Amino acid sequence: MSTNLADPQRLATPPTFQKVSTSRQIKNGLATALVWGAFLIAIIPLVWVLYTVIQRGFPVILDGDWWQKSMSGLLARQQGGGAYHAIYGTLVQGLVCAVISVPIGIMIAIYLVEYGGRSKLAKSTTFMVDILTGVPSIVAALFVYTVWITTFGLGRSALAVSLALVLLMVPVIVRTTEEMLKIVPDELREASYALGIPKWKTIVKIVIPTALSGILTGIMLALARVMGETAPVLVLAAYAPFINYNLFDGPMASLPLMMVNERNNPTQAGFERIWGAAITLVVLITLFNLLATVISRALAPKTK
Amino acid sequence: MAKRLDIKDLNLFYGKFHAVENVSLAVPPKNVTAFIGPSGCGKSTVLRSLNRMHEVAPGARVEGKVLLDGEDIYTSTVDPVEVRRTIGMVFQRPNPFPTMSIRDNVVAGLRLAGLKDKKKLDEVAERSLRGANLWNEVKDRLDKPGGGLSGGQQQRLCIARAIAVQPDVLLMDEPCSALDPISTLAIEDLITELKKEYTIVIVTHNMQQAARVSDQTAFFNLLGVGQPGQLIEVDDTEKIFSNPGQKATEDYISGRFG
Numbered sequence: 001m002s003t004n005l006a007d008p009q010r011l012a013t014p015p016t017f018q019k020v021s022t023s024r025q026i027k028n029g030l031a032t033a034l035v036w037g038a039f040l041i042a043i044i045p046l047v048w049v050l051y052t053v054i055q056r057g058f059p060v061i062l063d064g065d066w067w068q069k070s071m072s073g074l075l076a077r078q079q080g081g082g083a084y085h086a087i088y089g090t091l092v093q094g095l096v097c098a099v100i101s102v103p104i105g106i107m108i109a110i111y112l113v114e115y116g117g118r119s120k121l122a123k124s125t126t127f128m129v130d131i132l133t134g135v136p137s138i139v140a141a142l143f144v145y146t147v148w149i150t151t152f153g154l155g156r157s158a159l160a161v162s163l164a165l166v167l168l169m170v171p172v173i174v175r176t177t178e179e180m181l182k183i184v185p186d187e188l189r190e191a192s193y194a195l196g197i198p199k200w201k202t203i204v205k206i207v208i209p210t211a212l213s214g215i216l217t218g219i220m221l222a223l224a225r226v227m228g229e230t231a232p233v234l235v236l237a238a239y240a241p242f243i244n245y246n247l248f249d250g251p252m253a254s255l256p257l258m259m260v261n262e263r264n265n266p267t268q269a270g271f272e273r274i275w276g277a278a279i280t281l282v283v284l285i286t287l288f289n290l291l292a293t294v295i296s297r298a299l300a301p302k303t304k
Numbered sequence: 001m002a003k004r005l006d007i008k009d010l011n012l013f014y015g016k017f018h019a020v021e022n023v024s025l026a027v028p029p030k031n032v033t034a035f036i037g038p039s040g041c042g043k044s045t046v047l048r049s050l051n052r053m054h055e056v057a058p059g060a061r062v063e064g065k066v067l068l069d070g071e072d073i074y075t076s077t078v079d080p081v082e083v084r085r086t087i088g089m090v091f092q093r094p095n096p097f098p099t100m101s102i103r104d105n106v107v108a109g110l111r112l113a114g115l116k117d118k119k120k121l122d123e124v125a126e127r128s129l130r131g132a133n134l135w136n137e138v139k140d141r142l143d144k145p146g147g148g149l150s151g152g153q154q155q156r157l158c159i160a161r162a163i164a165v166q167p168d169v170l171l172m173d174e175p176c177s178a179l180d181p182i183s184t185l186a187i188e189d190l191i192t193e194l195k196k197e198y199t200i201v202i203v204t205h206n207m208q209q210a211a212r213v214s215d216q217t218a219f220f221n222l223l224g225v226g227q228p229g230q231l232i233e234v235d236d237t238e239k240i241f242s243n244p245g246q247k248a249t250e251d252y253i254s255g256r257f258g
């Protein structure tokens with residue numbers, strides 16, 4: 001091939017790079033508009049909800065009493081009182097649920113990834129977890145009601161709520177933990193085996209620490225989700241306007257339950273409490289998510 | 001330290017697939033044995049069967065004997081965990097534990113086996129890193145994560161980790177294939193030094209490397225696709241590369257193959 005610049009044939013060929021054709025420009029513009037449109041449609045309700053909640057709820061939670069007092073002894077139309085009883089209820093129900101769900105969920109995931117392989121038991125476990133993921137919270141609540149209250153004759157309590165939440169939280173934890181364990185490269189497991197480290201110790205000391213930041217993020221997100229569940233608290237715990245520390249007996253408030261309860265209160269006080277409880281729940285869940293981010297950053301494998 | 005390995009009538013399977021057929025081979029102590037051969041001929045599979053890593057793969061099966069100083073590592077009473085503690089392994093791609101510091105990576109084997117004495121662990125870490133020619137490069141940042149080192153340094157870290165548990169035999173599965181020539185040279189020098197204390201078996205695709213570092217070379221080949229890999233011949237490295245006994249070996253090392 002000749003590379004002579006004066007070659008007339010070479011000069012006659014069109015340049016390699018040409019202007020983008022009009023049809024491509026139109027398609028590009030259309031696609032860009034669609035993507036931006038979808039983004040805006042998604043973001044508008046989000047911003048709207050946040051704005052409403054903050055605008056109506058923020059003044060309520062600025063009052064120090066909100067975080068320290070219950071609704072005990074207040075008439076419906078009376079101003080004042082606080083959500084301490086409901087915050088306590090939400091946190092303790094979520095925490096008890098997490099204490100039960102986390103070990104169960106993590107152990108199921110370890111079985112599925114490290115031991116189950118393609119066995120029948122592993123396959124059917126995955127199938128069950130999939131089904132459980134799709135169970136609506138009201139069904140979980142009614143199931144616990146049937147077993148706990150109708151069959152065993154035990155009373156409605158915060159513990160019953162936690163048990164229903166466990167049914168909702170376990171599949172989420174299994175799923176996220178499973179995914180996190182799967183992305184731990186097999187090379188690390190082999191490196192550990194080759195050092196004469198037994199399988200269980202490899203899992204506990206090498207595989208789980210490597211996946212820990214992702215597992216914790218999953219737990220926190222699952223926790224945030226169950227804390228906002230309303231059906232189980234409606235079915236399994238009666239509302240109490242006072243503080244009930246007893247997990248095993250008696251009515252106990254929680255933030256969703258407080259909102260439902262105050263919906264029946266047509267006064268200005270009730271209106272404020274609904275939005276106060278709403279923003280409190282949003283703040284709590286945001287804090288959990290922030291905590292998850294901080295912890296997972298701190299635990300993530302580093303290279304520097 | 002530094003025991004001999006005798007492989008007798010070894011047949012290796014992945015499920016129904018017969019991967020390697022009738023391998024018999026002696027690996028003398030304080031000696032470097034190189035496994036060479038085309039891809040898929042089963043040399044890595046044989047290597048992995050020498051410390052019972054082959055059976056980690058689902059469906060993998062072993063027939064025949066592997067004797068470590070006369071003791072069969074495949075007897076039913078032998079714990080594979082013990083075998084792997086005695087016969088160490090370095091992998092193709094450097095794989096330091098990402099959650100651990102450089103020091104913790106080196107002493108991982110001992111620490112997870114229950115050794116807690118910090119002074120002892122620090123001693124082992126220094127000795128092993130010196131043994132892997134890495135000490136001078138990392139001594140000021142032992143608490144930094146192992147993942148921050150260069151590829152060649154990471155591989156030497158993995159070698160340090162493998163020799164920290166003081167194995168009798170060291171297996172290396174293409175330890176330089178992911179490294180640049182300078183890092184490769186560093187590892188090859190290291191192998192020559194480690195030979196004084198360890199029995200070494202190395203799988204390599206690089207025939208110059210086999211010629212440079214090994215004392216004896218085993219050539220593996222496969223007769224056709226789907227056929228099991230076979231050991232064609234094993235002899236002193238010098239002889240294999242100058243005057244091999246088999247035509248197939250000569251074809252392979254002179255590049256007339258594939």
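Respectively, the protein sequence lines represent chains L and E.
full-length UniProt numbering puts the first residue of the first sequence at 1, with every later residue one more than the last.
full-length UniProt numbering puts the first residue of the second sequence at 1, with every later residue one more than the last.
No residue lacks a Cβ here, since even glycine has one placed at the ideal position from N, Cα and C.
Nothing here was measured: the structure is a model prediction, and the numbers come from that model.
The continuous beta strand (DSSP E) containing E:A19 extends over residues F17 to V27. By the neighbour-count criterion, in which 16 or more other beta carbons inside 10 Å mark a residue as buried, L:L287 falls on the exposed side.
Non-local C-beta neighbours of E:G151 in its own chain, meaning closer than 8 Å and more than five positions away in sequence, comprise P94, A178, L179, D180 and S183, ordered along the chain. In the three-state DSSP reduction, E:D180 falls in the coil class, being neither helix nor strand. Contacts with chain L at 9 Å (Cβ-Cβ) include E:P98. Under the 9 Å criterion on CB atoms, E:M53 is classed as interfacial with respect to chain L. Around the beta carbon of E:K3, 16 or more other beta carbons lie within 10 angstroms, which makes this residue buried.
When 7 Å is used as the limit between beta carbons, L:A298 is near no residue of chain E, the shortest such separation being about 12 Å.
Closer than 8 Å at the C-beta level to chain L, one finds these residues of the region 125 to 149 of chain E: K144, P145, G147 and G148. Under DSSP, E:N11 shares a beta bridge with E:E63. E:E82 reaches chain L at G196, counting residues in chain order whose Cβ is nearer than 9 Å.
For E:Q216, the enclosing beta strand (DSSP E) starts and ends at Q216 to L222. If you ignore the 5 residues before and after E:V32, its C-beta comes within less than 7 Å of the C-beta of I191, K195, I200, I202, V213, S214 and D215, all in its own chain and listed in chain order. L:I197 carries a coil assignment under DSSP once its states are collapsed to helix, strand and coil. For L:G276, same chain residues with a beta-carbon under 7 Å away, outside a window of 5 residues either side, are G57, V60, I61, W66 and A83 in chain order. Within chain E, the residues placing a beta-carbon under 7 Å from that of L:I206 are F97, ordered along the chain. L:I149 has its alpha-carbon roughly 24 Å from the corresponding atom of L:G134.
When Cβ pairs closer than 8 Å are counted between the two stretches, the region 156 to 175 of chain E is seen to touch the region 45 to 53 of chain E, the count reaching three or more.
Separation of the CB atoms of L:T90 and L:L247 is rounded to 13 Å, and the pair is thereby denied contact status at 8 Å.
In the three-state DSSP reduction, E:L170 falls in the strand class (E or B).
The shortest CA-to-CA distance from E:C41 to any of E:W135, E:G226, E:K8 and E:Q209 is the one to E:G226. At a C-beta separation below 7 Å, E:M89 has these neighbours in chain L: A194.
DSSP, read as helix, strand or coil, puts L:M220 in helix. DSSP, read as helix, strand or coil, puts E:Q154 in helix.
With contacts defined by Cβ atoms closer than 9 Å, E:V46 and E:V20 form a contacting pair. A distance below 6 Å between beta-carbons, with the five flanking residues on each side excluded, links L:E229 to the following residues of its chain, in chain order: S137. The Cβ-Cβ distance between E:D143 and E:S101 falls below 9 Å.
For E:F241, the enclosing alpha helix (DSSP H) stretches over residues T237 to S242. When the beta-carbon positions are compared, L:T280 and L:A86 come within less than 9 Å of each other. Taking each of E:G59, E:A162 and E:T86 in turn and checking the Cα distance to E:L5, the smallest one comes out for E:T86. Identification of chain E residues near L:T210 by a Cβ-Cβ cut-off of 8 Å yields F97, P98 and T99, ordered along the chain. Remark: C-beta atoms of L:I100 and L:S162 approach each other more closely than 9 Å.
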